[in-house]
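Working notes, beginning with the structure itself.
Number of protein chains: 2
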Amino acid sequence: MANAQLRGVAVIGVGMTRFGQYPEKSAVDHGVEATLAALADARLEWKDIQAAYVGSMNLGGTIGPMTLAEIGLTGIPIMNVENASASGSAAFREAYIAIGAGLCDVALALGIGKMTASQAPRAGAAGPPHGDSFPPAAVFAMRAQRRMFEYGDTADHYAKVSVKNHRHGALNPFSQFQEPVTIDEVRGARMIADPLTVLHCTPRGDGGAAAILCSAEKARALGVSPLITVAASAFRSELYRSPTLDSPTLTEATSREAYEQAGAGPWDMDLVQIHDAFTVEEIDYYEELGLCARGEGAKLIDEGVTEIGGKLPFSTDGGLLARGHPVGPTGLAQVWETVQQLRGTAGPRQVGGASIGLCQMIGAGGVCFVHILKR
Amino acid sequence: MANAQLRGVAVIGVGMTRFGQYPEKSAVDHGVEATLAALADARLEWKDIQAAYVGSMNLGGTIGPMTLAEIGLTGIPIMNVENASASGSAAFREAYIAIGAGLCDVALALGIGKMTASQAPRAGAAGPPHGDSFPPAAVFAMRAQRRMFEYGDTADHYAKVSVKNHRHGALNPFSQFQEPVTIDEVRGARMIADPLTVLHCTPRGDGGAAAILCSAEKARALGVSPLITVAASAFRSELYRSPTLDSPTLTEATSREAYEQAGAGPWDMDLVQIHDAFTVEEIDYYEELGLCARGEGAKLIDEGVTEIGGKLPFSTDGGLLARGHPVGPTGLAQVWETVQQLRGTAGPRQVGGASIGLCQMIGAGGVCFVHILKR
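Protein chains in written order, with the working numbering: chain A, 297 to 671; chain B, 297 to 671.
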């Protein structure tokens with residue numbers, strides 16, 4: 297059971313902006329737009345929100361109250377949280393705990409990102425925009441090199457992840473990139489850190505994403521259908537990369553906690569969202585999430601298992617590679633996508649009969665969140 | 297009752313560094329030092345800590361995990377929170393909720409601040425160090441001017457707050473300033489924003505402060521005595537200054553919530569810590585916390601009510617004015633002081649028979665936290 301001490305929590309509304317580069321918009325603009333979209337989706341008014349958790353990175357210790365003041369000063373507690381790439385997941389978790397603990401019935405989890413201070417088109421192209429806040433491509437290129445040596449992965453295995461996720465992103469109107477890419481385009485793109493070309497790297501962007509969480513009891517009273525609940529919320533901090541390829545990893549440990557909470561295993565999932573900031577990560581996470589043994593992840597991309605239509609689709613909205621990664625909102629974009637899929641409203645990228653989905657995010661400093669939502 | 301949905305939570309250990317200007321030390325150094333002091337105080341080991349909340353301002357989205365990794369990678373969730381001046385209070389509240397909700401039994405709340413990137417000795421002297429992160433003296437000088445016009449306060453009323461709090465700070469070995477100041481020194485100090493001289497303004501500094509929270513049940517099992525519990529945790533966001541002097545304020549609303557949770561009123565408190573970043577604030581808070589009617593606060597400082605030995609001492613450790621205000625840890629320094637007083641270990645600044653204390657913090661962006669601790 298999901299944190300059995302807590303009462304049931306539902307996600308009753310989601311909203312996001314289309315991620316992209318918006319030099320004319322402020323961080324506040326993105327946060328307001330996402331919040332209003334989530335309120336409309338939940339058919340609630342701002343006055344119905346009793347608490348807010350706002351995740352961002354390097355936007356300052358006043359960003360939450362400053363953003364939500366634009367919608368209205370209702371006096372609710374507004375907590376800023378920050379865990380690098382996973383800041384949106386952090387906001388989701390704290391809102392979940394507040395409701396689960398009975399402190400309130402309806403809370404907002406909001407993520408805001410504004411990364412276009414630097415105009416480099418892809419994270420890998422320019423290195424970290426803000427100190428150590430963004431995992432540079434070089435770290436993951438080394439990972440890829442080691443995997444190729446140890447397991448016989450090829451650069452094309454990673455390229456296939458980019459092709460798949462861009463194909464998914466092209467089916468998502470909120471995706472930063474709306475066009476599919478071919479394997480030749482991925483191979484031939486500008487090299488960032490061998491074997492990762494720029495099309496192996498998440499883009500830089502801006503945006504907002506929000507979720508409205510509600511006690512399951514109140515959601516039922518409101519007549520919300522389908523009722524989507526939080527089946528697991530696991531969070532650990534550790535080195536997120538182990539020194540050797542086969543030692544236990546942070547994602548491994550965190551996902552095991554989540555599976556236990558949900559009473560479900562990896563193959564029970566209908567879809568999975570992950571931190572695919574660099575293509576090689578997705579192959580790694582197939583293994584770390586327990587879908588296959590160490591070193592066997594590449595088979596899943598070869599066999600089409602993780603594309604929409606396959607047995608267990610990953611990154612159905614395009615993932616960080618195509619949907620984008622403005623950092624603050626990314627974890628909540630994963631929730632947005634999972635809710636669309638569990639509602640059956642994902643349109644051309646719908647995973648048939650989806651009833652349970654997993655969202656994994658890592659963040660610099662060594663944090664991992666795994667949330668499981670089910671209907 | 298304190299958030300009646302939550303189980304009882306105790307504070308079983310506190311630790312802090314002496315606040316000051318330490319150009320040779322990093323933020324991580326301060327965080328580690330405070331954490332180790334709190335662990336020693338609680339007679340616990342690092343492996344006993346099951347979750348951590350880390351409050352800071354503008355130290356980046358990885359500061360918590362990066363700091364605590366220096367003590368050891370135990371895999372626990374480490375959440376960064378940020379609410380400007382109130383970031384330490386935010387960490388305390390989230391740790392309180394996590395334990396109250398039953399997610400864990402023992403958690404660390406840590407605050408870290410490193411403000412000496414700018415070497416200006418007092419916050420008011422240099423304006424905000426990081427964008428809008430620090431309320432500049434001018435805002436509070438305008439407040440003072442209006443109070444003098446409306447209520448007949450004098451500049452000396454505010455100067456007396458500085459004298460009192462520096463006198464308290466001189467009794468606290470962890471205070472940034474260890475020397476009392478005379479009213480003539482306060483009057484004659486360099487003018488920042490009339491009527492506030494530099495001795496009306498909080499100093500700039502660095503430091504760390506930590507509290508270890510524990511379920512009351514487990515604390516009893518551990519034999520902790522005296523048992524100090526959280527009697528209230530209230531948190532609101534709004535404009536923290538009202539447009540007119542007599543309209544309701546954020547501190548007023550937040551403290552009323554806290555009093556209701558604690559089943560106690562302002563005059564039931566034995567001591568109070570507040571956000572006295574500028575002297576005029578303390579007079580304001582006498583009124584906003586409900587000790588007296590609007591406009592009558594200055595009488596309390598004249599009559600010595602709020603000094604140690606008076607009926608209800610404020611800022612017993614020196615407050616932001618003398619103990620210091622490195623932002624991230626300040627809210628937890630208030631908890632540190634309250635715990636010393638409730639234990640009866642405050643030495644020459646001990647408030648006789650103290651059994652209940654209030655900690656109020658505001659933060660830029662418009663946030664207010666009020667915590668009440670009792671033994």
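All residues carry an ideal CB built from backbone N, CA and C; glycine is no exception.
Cβ contact annotation for alanine 642/A (same chain, cutoff 6 Å, sequence separation greater than five): Gln636, in chain order. When DSSP states are grouped into helix, strand and coil, glutamate 378/A belongs to the strand group.
Segment contact: the stretch 491-507 of chain B against the stretch 312-323 of chain A, fewer than three CB-CB distances shorter than 8 Å; contact not assigned.
Of the other Cβ atoms in all chains shown, fewer than 16 fall within 10 Å of the Cβ of glycine 605/A; this residue is therefore exposed.
In this structure, leucine 638/B sits near glycine 653/B, with a CB-CB distance shorter than 8 Å. Chain-ordered, the chain B residues with CB closer than 7 Å to the CB of proline 361/A read Ser533, Gly661, Gly662, Val663. When the five nearest sequence neighbours on each side are left out, the beta carbons in the same chain lying within less than 7 Å of the beta carbon of proline 361/B are those of Ile374, in order along the chain. Judged by DSSP secondary structure, glutamine 637/A falls within the alpha helix (DSSP H) whose first and last residues are 626-639. Taking a C-beta distance under 8 Å as the contact criterion, serine 611/A and glutamine 656/A do not qualify as a contact pair.
Among the residues facing chain B, glycine 409/A is not included, as its CB has no counterpart in that chain under 8 Å away. Pairing alanine 394/A with glutamate 584/A, the inter-Cα distance amounts to about 29 Å. Under the DSSP definition of a beta bridge, valine 601/A lacks any partner. Glycine 465/A: member of the alpha helix (DSSP H) spanning 451-465, first to last residue. Chain A places no beta carbon closer than 8 Å to that of serine 385/B, leaving this residue out of the contacts. Think of a sphere of 8 Å around the beta carbon of isoleucine 372/A: the chain B residues whose beta carbon falls inside it are Arg532, Ser533, in chain order. DSSP places arginine 671/A outside both helix and strand once states are collapsed to three, so it counts as coil.
Out of Glu390/A, Gly368/A, Tyr349/A, Asp564/A, the CA that lies nearest to the CA of phenylalanine 665/A is found in Glu390/A. Isoleucine 367/B has its alpha-carbon roughly 44 Å from the corresponding atom of arginine 463/A.
Each residue's CA atom was taken as its position, placing aspartate 401/A and serine 352/B some 28 Å apart. Apart from sequence neighbours up to five positions away, the residues of its chain that approach arginine 532/A with a beta-carbon distance below 8 Å are Leu546, Ala549, Thr550, Glu553, Val663, Cys664, ordered along the chain. Neighbours of isoleucine 393/B in chain A, taken as residues at a C-beta separation under 9 Å, are given in chain order as Glu390, Ile393, Ala394, Ala397, Leu399.
Put simply, of Leu467/B, Gln646/B, Arg339/B the residue whose alpha carbon is nearest the alpha carbon of alanine 618/B is Leu467/B. Within 7 Å of the CB of glutamate 378/A, the CB atoms of chain B belong to Gly357, Asn376, Glu378, in sequence order along the chain. Secondary structure at isoleucine 308/A: strand, using DSSP grouped into helix, strand and coil.
When DSSP reads this structure, methionine 657/B sits in a beta bridge with Phe665/B. Using a Cβ distance threshold of 8 Å, glutamine 317/B and threonine 412/B count as a contacting pair.
At a cut-off of 8 Å between beta-carbon atoms, glutamine 301/B makes contact with chain A. For alanine 403/A, the enclosing beta strand (DSSP E) has its first and last residue at 402-410. Listed by position along chain B, the residues whose Cβ is nearer than 8 Å to that of alanine 517/A form an empty set, because the closest Cβ is around 18 Å away. Taking the Cα positions, tyrosine 349/A is about 6 Å away from leucine 404/A. Between alanine 338/B and isoleucine 524/B, the C-beta gap is not smaller than 8 Å, which leaves the two residues out of contact. Proximity of leucine 654/B to chain A, defined by a Cβ-Cβ separation below 8 Å, is not satisfied. Pairing alanine 347/A with tyrosine 555/A, the inter-Cα distance amounts to about 28 Å.
Going by DSSP, glycine 384/B is part of the alpha helix (DSSP H) stretching over 383-396. Here DSSP, grouped into helix, strand and coil, assigns phenylalanine 436/B to helix. Methionine 353/B has a beta carbon lying within less than 8 Å of a beta carbon in chain A.
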